[in-house]
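Chemist:
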Amino acid sequence: MSIKIDPKALEALKNFTLPETIGFGSTLVPIMAVCDYRDGKWGELELLPYGPITLDPTAKVLHYGQEIFEGMKAYHTDGHGPYLFRPERNAQRFNESARRMAMAEIPEEIYLEAVRSIVGHSNDFIPTNSGESLYLRPFMIATDENLGIKPSDTYKFMVIASPSGSYFTTGCLSVLVERENVRACPGGMGAAKTGGNYAGSLISAQRAKKLGYQQTLWLDGIEKKYIEEMSGMNFFAVIDGKLFTPKIEDTILDGITRSSLIQLAKDQGIEVVEEKMEIEKLLKAINDGSCTESFACGTAAIITPIGKFGDVSGTEWNVSNPEGPIAKKLRGSLLALQEGRNEDQHGWRETVKVVCY
Ligand code: COI
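Those letters in the sequence shown? Residues 45 to 401, per this note's numbering, in order.
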């Protein structure tokens, strides 16, 4: 698989310097990978200077939201790397999302070459403190130019990248239990990584913020009884020393960080329970002290402890030891693996070839 390099992309890289503060997702490396789909096939993959894209005002993505994306990271700390973490899983999930959204699937080798090329050219801009990384955002949009409601025949696939620090600025989250709106229903698109799921969550994010919380905890759409996920993050709790997480259904994004943590926990002899988790049982377990830790996890969030749950009635539940030993240990071993400081027993880490320009 090859990529056509625009000399202007290399010029842009030579002229680029990282700003002093990077935040999350707001500084972008000055290159982007682009590949277009038309007439039933994918065209040439290109590395271009980062910049605006032109869309016809009737482009289907703008009206009907036919769009999918992924979140990945490249790591380069203490002279190790750059590394990708389980990139094939992201490529596979991207195509699972594409199928659900009736979009063209992209050959994994195009997806992976685009990601590797961005990382290989951006090595100098990967922040090197532990927990920092180059956040990668592969995405695909429907570009057909007409207002008919039908799957697009043309698509644009792109990868952009952002040198990033922590997703959250606070160490410990407070979470609103969302009992009114729902994120997903069985048979819906909750398992797909598509913009509409995030757009639909924003009203709750607004309410949560107004009430002093930073995130929403979504319940199932039918009974509003079972914990699902947190929009961009999966959920875990430690109860009686065991690690609990909602089992994956078609209403929950199948997180790659989530599945990696389950494996790492098992490797460390921690019992993991994947099952339907009743919100009332969790809140009771927090009150009686049997739930000692809870945390959110995701590519962006890594592992972020949850210290407090609350609902609109004003009732609150405080977790006794949110930054407790299990979350700390799992976060440490996940980062050590991603950053190349641990033996990679599962073959999850990929070293990317650095490109000199
Ligand atoms: C990720 O963790 O990569 C996500 O896609 C979450 C996003 C909302 C930042």
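We put the beta carbon where it would ideally sit given N, CA and C, even for glycine. All values reported here derive from a predicted model rather than from experimental measurement.
1) What does the shell around the ligand COI hold, if a residue joins when its beta-carbon is under 5 Å from any heavy atom?
2) Evaluate the contact criterion for the region 170-183 versus the region 217-226: three or more CB pairs, one atom per stretch, below 8 Å.
3) Between the region 77-89 and the region 115-126, do at least 3 Cβ pairs fall closer than 8 Å?
4) Measuring alpha carbon to alpha carbon, tell me which of Asp188, Ile314, Ile296, Glu189 ends up nearest Leu287.
5) Measuring CA to CA, which of Leu57, Leu89, Cys400, Tyr127 is closest to Glu152?
6) Please classify Gln259: does DSSP put it in a helix, a strand, or coil?
7) Measuring only the C-alpha atoms, how far is Ser210 from Thr343?
8) Around the C-beta of Thr102, are 16 or more other C-beta atoms found within 10 angstroms, so that it is buried, or is it exposed?
9) In or out: Val356 buried (at least 16 other Cβ within 10 Å) or exposed?
10) Check the DSSP bridge columns for Pro195 and list the partner residues they point to.
11) Under a CB-based cut-off of 8 Å, is Ser161 close to chain C?
12) Could you check which residue in Glu394, Tyr401, Arg137 has the C-alpha nearest to that of His124?
13) What's the C-alpha gap between Phe60 and Ala380?
14) When the Cα of Lys328 is compared with those of Ile350, Gln307, Lys320, Asn362, which residue comes out closest?
15) Thinking C-alpha only, which one of Ile47, Asp122, Arg130, Ser377 is nearest Ile347?
16) Below 8 Å on the Cβ atoms is my guess for Leu308 versus Phe279; work out the distance and round it to an integer in Å.
17) Under the assumption that Leu178 contacts Ser166 (Cβ atoms under 8 Å), give the Cβ distance between them as a whole number of angstroms.
18) Considering just the uninterrupted stretch of the alpha helix (DSSP H) at Val163, what are its terminal residues?
19) Here's the rule I'm using: 16 or more other beta-carbon atoms within 10 Å means buried, otherwise exposed. How should Thr359 be labelled?
20) Using 8 Å for Cβ pairs, my map puts Ala146 next to Pro195. What's the rounded Cβ distance?
21) Going residue by residue through the region 292-326, where are the continuous alpha helix (DSSP H) segments of at least 4 residues, counting only ones entirely within it?
22) If you draw a straight line from the alpha carbon of Pro230 to that of Glu64, how long is it in whole angstroms?
23) Is the region 295-309 touching the region 263-275, taking contact as three or more C-beta pairs under 8 Å?
24) Residues in the same chain with beta-carbon distance under 6 Å from Ile370, minus the five sequence neighbours each way, listed in chain order, please.
25) By alpha-carbon positions, which one of Gly384, Ile350, Ala186, Arg144 ends up nearest to Ile297?
26) Check the DSSP bridge columns for Arg82 and list the partner residues they point to.
Modeler: Short version:
1) Output, sorted by chain position: Gly115, Gly276, Gly342, Thr343, Ala344.
2) Verdict: no, contact absent.
3) As far as the Cβ criterion goes, the region 77-89 does not touch the region 115-126, which means the pair count is below three.
4) Checking every option, the nearest Cα to that of Leu287 belongs to Ile314.
5) Residue Leu89 is the option with its Cα nearest to Glu152.
6) In the three-state DSSP reduction, Gln259 falls in the strand class (E or B).
7) The straight-line gap from Cα to Cα measures roughly 11 Å.
8) Burial is judged here by how many other beta carbons sit within 10 angstroms of a residue's own beta carbon; Thr102 has fewer than 16 and is exposed.
9) With fewer than 16 Cβ atoms within 10 Å of its Cβ, Val356 is classed as exposed.
10) None, per the DSSP bridge assignment.
11) Of the protein chains in the structure, only one exists, and it is not chain C.
12) Measuring C-alpha to C-alpha distances from His124 to each of Glu394, Tyr401, Arg137 identifies Glu394 as the nearest.
13) Rounded to whole angstroms, the gap between the alpha carbons of Phe60 and Ala380 is 29 Å.
14) Nearest in C-alpha terms to Lys328, of all of Ile350, Gln307, Lys320, Asn362, is Asn362.
15) Answer by Cα proximity: Ser377.
16) Contact flag wrong, Cβ pair sits at about 17 Å.
17) Confirmed, about 6 Å.
18) For Val163, the enclosing alpha helix (DSSP H) stretches over residues 152-165.
19) By the neighbour-count definition (other C-beta atoms within 10 Å, threshold 16), Thr359 is an exposed residue.
20) 4 Å between Cβ atoms; contact.
21) DSSP runs (the alpha helix (DSSP H)) wholly in the region 292-326: 300-311.
22) For Pro230 and Glu64, the gap between their C-alpha atoms comes out near 45 Å.
23) Touching, yes.
24) Answer for Ile370: Val282, Glu337, listed in chain order.
25) Ile is not the amino acid found at residue 297; the sequence shown has Leu there. The residue with the shortest Cα to Cα distance from Leu297 is Arg144.
26) In DSSP, Arg82 forms a bridge with Lys85.
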